[in-house]
Amino acid sequence: MDQLELFDLPNPCIGVCQSNSRGYCIGCLRSREERFNWHGKPVAERTHILKLLTQRRARLTAKAKKDNDSPQSGESLELF
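Pasting the structure below:
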């Protein structure tokens, strides 16, 4: 049995509609297919997409943190 949603699920679009090299929107991290007809998709599908976006944002944040923490080429590691 599906859970009744009391509130409409928000559209994650933030108005930055440009695709990255992998085809995901750099604003909301949805694929083209996920963006297409958002309001016409069933609640279960929109819920699943929102969970995927959380995972994608976490991976993107972790990658950015790793990139910032690692020394750039030509830099030496500080040992002390």
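Following full-length UniProt numbering, the numbering of the sequence shown begins with 1 at its first residue and continues without gaps. Ideal Cβ placement from N, Cα and C applies to all residues, glycine included.
**Request:** Measure the beta-carbon distance from Leu9 to Thr54 and round it to whole angstroms, keeping in mind my assumption that it falls under 8 Å.
**Result:** In the sequence shown, counting from the first residue as 1, residue 9 sits at position 9. In the sequence shown, counting from the first residue as 1, residue 54 sits at position 54. About 13 Å; that fails the 8 Å criterion.
**Asked** In terms of DSSP beta bridges, what is Leu25 paired with?
**Response** Here residue 25 refers to the residue found at position 25 when the sequence shown is read from its first residue. This sequence places Cys at residue 25; Leu is not what is there. For Cys25, which the question treats as bridged, DSSP gives the partners Ser19.
**Request:** Return the CA-CA distance between Glu33 and Leu50, expressed in angstroms with no decimal places.
**Result:** The residue you call residue 33 lines up with position 33 of the sequence shown. The residue you call residue 50 lines up with position 50 of the sequence shown. Roughly 14 Å between the two C-alpha positions.
**Item:** Cβ neighbour criterion (16 or more within 10 Å) applied to Phe80
**Value:** Within the sequence shown, numbered from 1, the residue matching residue 80 stands at position 80. Unreliable positioning characterises Phe80 in this predicted model, as indicated by a pLDDT of 47, which lies under 50. The coordinate reading is nonetheless provided below. By the neighbour-count rule (16 or more Cβ atoms within 10 Å), Phe80 is not buried but exposed.
**Prompt:** For Phe36, which residues of its own chain have a beta-carbon under 8 Å away from its beta-carbon, when the five flanking residues on both sides are left out?
**Reply:** The sequence position of residue 36 within the sequence shown is 36, counting from 1. Excluding residues within five positions, none has a Cβ falling inside 8 Å.
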